[in-house]
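Residue numbers (mature numbering (1 follows the signal peptide of the UniProt record, and there is no 0)): -24 to -1, 1 to 129.
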């Protein structure tokens, strides 16, 4: 069953919506060949995962379920007002969190941890993209949430 994005993640999105220059990293231009802002009508191979909110989520068969060396549970693509806006990448287990974290640190560089316990990270870019990593010891699940706040305007 598809899970909604936790409310605290949306709060983080609002808090960090305007990146500070010290946090800026090279922006991802999208994910798995899809560029931010691409209209849903121009993409193929997507199936509806959740269309009950303002952001409609889809999945794509054949996607590699890995992020670096981390094994993923699923990848969901979010569309806001019909445009590619976000990616929700879900994984299970501490080992996959460590592998995902290592991959994101290698890709985007060091960043500040959010909260306590060293299980939440956020990278923000000057041109509107953000990457969030969150892991919860109980129930040993985590996610990476990528989004482009420019598309949401």
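A virtual CB, placed ideally from N, CA and C, is assigned to each residue, including glycine.
These numbers were taken from a predicted model, which means no experiment stands behind them.
For residue 47 and residue 116, the gap between their C-alpha atoms comes out near 14 angstroms. For residue 52, the closest of 31, 114 and 71 by C-alpha to C-alpha distance is 31. Cβ neighbours of residue 89 within its own chain (closer than 7 angstroms, five residues either side excluded): 96 and 97. For residue 77, the enclosing alpha helix (DSSP H) has its first and last residue at 70 to 84. In the three-state reduction of the DSSP assignment, residue 17 falls in the helix class. Along the length of the stretch 8 to 55, whole alpha helix (DSSP H) runs at least 4 residues long do not occur. A direct Cα-Cα distance of roughly 33 angstroms separates residue 72 from residue 18. Distance from the CA atom of residue 37 to the CA atom of residue 122, rounded to whole angstroms, is 19 angstroms.
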